[in-house]
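> Here the sequence shown is numbered in the working numbering, starting from 5 and rising by one per residue.
We put the CB at the ideal spot given by N, CA and C, even for glycine.
First the structure, then my questions, so here it is.
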Amino acid sequence: MDEGLEARVEKLRQEYGELLNDKVLYRIALEEGESNMTSTKKIADFENREEVSAVVKVTRINDTRTFQKRTGGEGRVRNIEVEDETGTCRLTLWDDDVNLPEDMNIQIGTQLKLTDCYTKQTDFGLDVSKGRRGKIEIE
5 MDEGLEARVE
15 KLRQEYGELL
25 NDKVLYRIAL
35 EEGESNMTST
45 KKIADFENRE
55 EVSAVVKVTR
65 INDTRTFQKR
75 TGGEGRVRNI
85 EVEDETGTCR
95 LTLWDDDVNL
105 PEDMNIQIGT
115 QLKLTDCYTK
125 QTDFGLDVSK
135 GRRGKIEIE
């Protein structure tokens, strides 16, 4: 087990006493970002609806598309094709994130580190999205 996580849980245990059980204490420690328990995976090992971290290479950057949201208003989406030595998938950027390629100077061949991103099986194959907690960084 991650020693940093254990230390944070122990600190929370001292802070909250018996008010919270261990399950809640671990959840708080993880959500505070004190420890990242998501292990790095290869694309071939991605499964539908899971949280993943991976190192991938950009192979294609598509243009931003707009669409009408079901809740009203306009949404934006942009797909980036990525690969590793085991396969390929689509990294989907939504709304405020569609400008990441320009903002981060991401180009074809750029290595990206995806942390705590989410997978989803679609009609077009496997998608990976950043979600609220995820991070995309240049490796």
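Give me the Cα-Cα distance between K46 and K117, rounded to the nearest whole angstrom.
12 Å
> My output table needs one value for V13: the three-state DSSP class, helix, strand or coil.
In the three-state reduction of the DSSP assignment, V13 falls in the helix class.
> Q18 to L29, Cα distance in whole Å?
11 Å
> When you compare the segment 76 to 96 with the segment 119 to 133, are there three or more beta-carbon pairs, one atom per stretch, that lie closer than 8 Å?
The segment 76 to 96, when compared against the segment 119 to 133, does touch it at the 8 Å Cβ threshold.
> Judging by CA-CA distance, which residue of L16, N83 and D88 is the nearest neighbour of F128?
N83
> Pop quiz: T63 and V86 are said to be a contact at Cβ under 8 Å. What is the actual Cβ separation, rounded to whole angstroms?
Confirmed, Cβ separation roughly 7 Å.
> Compute the beta-carbon to beta-carbon distance between V59 and D101, rounded to the nearest angstrom, for a pair I have assumed lies under 8 Å.
A Cβ-Cβ distance of about 19 Å is found for the pair V59 and D101, leaving them out of contact under the 8 Å criterion.
> Whose CA, out of T44, S133 and D99, lies closest to the CA of R53?
S133
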